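Note sheet for the following structure.
Number of protein chains: 2
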Amino acid sequence: MQQESDRLRGEGLRIGFVPTMGALHEGHLDLLRLCRTHCDVTVMSVFVNPTQFGANEDFGRYPRDLDRDAMLAASAGCDILFTPQAEEVYPPGYSTWVQEEILSATLEGRSRPTHFRGVTTVVTKLFLMVKPHCAVFGQKDAQQAAIIKRMVRDLHFDIELLIAPIRREADGLAMSSRNMYLSESGRIEALALSRSLRLAEQFVAGGGRDADAIRALVKDELNRSGAVTVDYVALLDAETLDEVDMLSGQATLLAIAARVDRTRLIDNTILRVETIER
Amino acid sequence: MQQESDRLRGEGLRIGFVPTMGALHEGHLDLLRLCRTHCDVTVMSVFVNPTQFGANEDFGRYPRDLDRDAMLAASAGCDILFTPQAEEVYPPGYSTWVQEEILSATLEGRSRPTHFRGVTTVVTKLFLMVKPHCAVFGQKDAQQAAIIKRMVRDLHFDIELLIAPIRREADGLAMSSRNMYLSESGRIEALALSRSLRLAEQFVAGGGRDADAIRALVKDELNRSGAVTVDYVALLDAETLDEVDMLSGQATLLAIAARVDRTRLIDNTILRVETIER
Numbered sequence: 059m060q061q062e063s064d065r066l067r068g069e070g071l072r073i074g075f076v077p078t079m080g081a082l083h084e085g086h087l088d089l090l091r092l093c094r095t096h097c098d099v100t101v102m103s104v105f106v107n108p109t110q111f112g113a114n115e116d117f118g119r120y121p122r123d124l125d126r127d128a129m130l131a132a133s134a135g136c137d138i139l140f141t142p143q144a145e146e147v148y149p150p151g152y153s154t155w156v157q158e159e160i161l162s163a164t165l166e167g168r169s170r171p172t173h174f175r176g177v178t179t180v181v182t183k184l185f186l187m188v189k190p191h192c193a194v195f196g197q198k199d200a201q202q203a204a205i206i207k208r209m210v211r212d213l214h215f216d217i218e219l220l221i222a223p224i225r226r227e228a229d230g231l232a233m234s235s236r237n238m239y240l241s242e243s244g245r246i247e248a249l250a251l252s253r254s255l256r257l258a259e260q261f262v263a264g265g266g267r268d269a270d271a272i273r274a275l276v277k278d279e280l281n282r283s284g285a286v287t288v289d290y291v292a293l294l295d296a297e298t299l300d301e302v303d304m305l306s307g308q309a310t311l312l313a314i315a316a317r318v319d320r321t322r323l324i325d326n327t328i329l330r331v332e333t334i335e336r
Numbered sequence: 059m060q061q062e063s064d065r066l067r068g069e070g071l072r073i074g075f076v077p078t079m080g081a082l083h084e085g086h087l088d089l090l091r092l093c094r095t096h097c098d099v100t101v102m103s104v105f106v107n108p109t110q111f112g113a114n115e116d117f118g119r120y121p122r123d124l125d126r127d128a129m130l131a132a133s134a135g136c137d138i139l140f141t142p143q144a145e146e147v148y149p150p151g152y153s154t155w156v157q158e159e160i161l162s163a164t165l166e167g168r169s170r171p172t173h174f175r176g177v178t179t180v181v182t183k184l185f186l187m188v189k190p191h192c193a194v195f196g197q198k199d200a201q202q203a204a205i206i207k208r209m210v211r212d213l214h215f216d217i218e219l220l221i222a223p224i225r226r227e228a229d230g231l232a233m234s235s236r237n238m239y240l241s242e243s244g245r246i247e248a249l250a251l252s253r254s255l256r257l258a259e260q261f262v263a264g265g266g267r268d269a270d271a272i273r274a275l276v277k278d279e280l281n282r283s284g285a286v287t288v289d290y291v292a293l294l295d296a297e298t299l300d301e302v303d304m305l306s307g308q309a310t311l312l313a314i315a316a317r318v319d320r321t322r323l324i325d326n327t328i329l330r331v332e333t334i335e336r
């Protein structure tokens with residue numbers, strides 16, 4: 059992969075990179091399509107990264123279907139499908155980690171304490187293997203996007219980051235490889251997540267600014283379904299992930315996590331207050 | 059720096075990199091000279107990295123003389139002197155670290171618990187800023203060399219590492235920027251370090267294999283000087299830094315650290331057993 063990237067760079071071509079864990083859906087293909095508009099050659103990696111799963115999480119049963127992924131990636135214009143093996147990515151006796159310590163401590167990091175260390179470490183490795191000019195991540199994993207952005211800045215990766223908007227099913231459910239785990243009824247109950255975000259957006263559009271009120275609104279909507287167990291409902295500065303009490307001109311991330319059936323789902327939206335110059 | 063490196067790479071030139079903290083001596087210039095034999099353009103960085111100093115260490119009084127460094131570097135054939143500022147290397151609110159967790163825990167890491175985290179983090183940043191094809195480190199900092207080697211392997215940096223031998227004064231003292239701190243008498247007492255290593259080498263050349271015996275020999279020599287306080291005398295596998303009981307065909311690192319006056323000095327040698335095939 060490094061040799062191929064050197065060769066492409068030597069020809070003056072711009073390399074774009076979309077890291078994934080496979081189990082591709084239209085959300086991933088959106089990342090690929092966005093990537094193609096910013097570079098000459100698009101590389102997509104498929105690697106189910108063991109170190110970002112906790113001991114009791116779904117690493118073993120995470121969906122894997124490389125043939126299907128390869129077909130989908132090619133159909134969306136992927137030039138190179140990079141599928142490294144775990145023993146290559148993590149050599150025997152590996153002992154080096156990349157850790158972002160502030161943004162990683164909240165939200166997902168609280169429920170999944172080793173998750174983001176696994177993410178930043180594997181993304182560093184993949185960046186160094188693929189040597190891209192730009193890389194695309196999804197807004198679906200809003201905290202991950204903020205952490206990768208911070209890591210790229212802090213470590214001076216010479217890589218342009220692009221964040222692609224959340225892709226949703228027709229009924230509003232944010233696309234996720236983990237939606238496969240949902241039962242038929244769970245699939246319907248899970249709509250409470252996107253519905254609660256829409257309610258919050260409407261509340262803000264109508265002049266609502268108070269974070270407590272927004273959180274209460276969202277929790278109430280989620281709790282209306284007995285099948286949904288709320289993990290967190292958070293209002294944070296979209297860049298620093300500091301908690302927000304009152305919406306202002308800054309972009310505010312409304313992020314939620316909840317369990318439906320036994321599946322943990324996340325969703326989010328950016329709340330913006332239109333400031334009117336007088 | 060990144061743009062210049064891209065330009066040089068675009069011309070097909072091979073970039074060599076020598077990271078330093080300045081206060082250059084002939085040891086650093088050896089690194090530069092070795093680098094020049096492996097690449098087309100040599101970059102030397104001078105950056106006194108705050109994060110590799112402990113709270114009670116010598117960050118404030120570490121010798122700084124950029125004009126002198128620039129002259130010396132140029133005289134040894136340095137093409138680019140890279141002198142980033144601390145606020146560039148560590149942007150405001152930085153929160154990302156690179157940490158090697160196994161090799162870093164022993165020797166220097168025991169006395170200086172946050173030292174190697176600072177080293178691996180800054181070397182990662184410098185690698186990403188300079189984008190070298192090869193980089194040179196000194197055997198003087200044997201543990202650092204082993205850790206950087208491990209980090210480069212683990213994270214997949216596409217960089218060839220070269221380790222330059224220890225450069226010594228005529229009387230045997232290993233060159234170090236910290237030798238400046240020594241008093242005239244301390245300078246003489248400090249010779250116990252290299253002398254003890256020579257004794258160990260002779261012991262092994264004469265058939266000695268037992269690590270306890272070698273350690274005792276070295277400690278006795280160091281303790282003969284009342285001005286020398288031993289921190290550690292260690293015999294380790296040169297690559298894994300695992301402790302060694304008995305010398306074998308593997309390269310064994312004999313590493314020592316001691317205080318002379320109030321200055322902490324380190325030195326080391328690789329002990330090799332000549333195995334005779336029968």
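First to last, the sequence lines map onto chains A and B. The first sequence stops at residue 336 when you use the numbering used here, and every number in between is there. The second sequence stops at residue 336 when you use the numbering used here, and every number in between is there. Here a beta-carbon is modelled for each residue, glycine too, at the ideal position from N, C-alpha and C. Note that the structure is a prediction, hence the values are computed from the model and not measured.
For E158 of chain B, the enclosing beta strand (DSSP E) has its first and last residue at T154 to E158.
Cβ neighbours of Y120 of chain A within its own chain (closer than 6 Å, five residues either side excluded): V106. Taking a beta-carbon distance threshold of 7 Å, H96 of chain B does not count as an interface residue toward chain A.
Residue nearest to E297 of chain A within the set A:R225, A:D303, A:K207 and A:V194 is A:K207 (criterion: CA-CA distance).
Within the model, the alpha-carbon separation for A200 of chain B versus I272 of chain B is close to 19 Å. Contact residues of the stretch 204–215 of chain B toward chain A are R208, M209, R211, D212, L213, H214 and F215 (C-beta to C-beta distance below 8 Å).
Here the stretch 255–263 of chain B makes no contact with the stretch 233–246 of chain B; the two share fewer than three CB pairs at distances below 8 Å.
The C-beta of A113 of chain B has fewer than 16 other C-beta atoms within 10 Å across all chains shown, which makes the residue exposed. Ranked by how close their Cα comes to the Cα of I160 of chain B, the residues B:L299, B:F185, B:R317 and B:A315 have B:L299 in first place. For T182 of chain A, the secondary structure class from DSSP, reduced to helix, strand or coil, is helix. When DSSP states are grouped into helix, strand and coil, R72 of chain B belongs to the coil group. Against chain B, the CB of E62 of chain A has no partner CB under 7 Å away; the residue lies outside that interface.
Taking a 10 Å sphere around the C-beta of L231 of chain B, we find 16 or more other C-beta atoms and assign the residue as buried. Assigned with DSSP and collapsed to three states, T109 of chain A falls in helix.
Annotated as proximal: C97 of chain B and R72 of chain B, with beta-carbon spacing under 7 Å. The beta-carbon distance between E69 of chain A and R225 of chain A, rounded to whole angstroms, is 32 Å. This is too long to meet the 8 Å contact definition. Contacts between P149 of chain A and chain B, judged by CB atoms closer than 7 Å, involve R211 and D212 in chain order. For the stretch 104–119 of chain A, no residue has a beta-carbon sitting nearer than 7 Å to a beta-carbon of chain B.
Spanning the alpha carbons of R126 of chain A and F174 of chain A requires a straight line of approximately 27 Å. If you ignore the 5 residues before and after D212 of chain B, its C-beta comes within less than 8 Å of the C-beta of E158, all in its own chain and listed in chain order.
Among the residues of chain A, none has a CB under 8 Å from the CB of M102 of chain B; the nearest is roughly 18 Å distant. One thing to note: T78 of chain A has its Cβ within 7 Å of the Cβ of V104 of chain A. Selection B:R267, B:F117, B:T154 and B:N281 evaluated against T179 of chain B yields B:T154 as nearest (Cα-Cα). Boundaries of the beta strand (DSSP E) harbouring M102 of chain A: V99 to V104, taken from the DSSP string.
Exclusion of the five residues before and after S243 of chain A leaves no residue of its chain whose Cβ lies closer than 6 Å to its Cβ. Chain order gives the chain A residues near T182 of chain B as V156, T182, L213 and H214, where near means a beta carbon separation below 9 Å. For L186 of chain A, the nearest beta carbon of chain B is closer than 7 Å to its own beta carbon.
Per DSSP, the unbroken beta strand (DSSP E) holding L294 of chain A starts and ends at V286 to D295. For the pair M102 of chain B and L139 of chain B, the CB atoms are nearer than the 7 Å cut-off.
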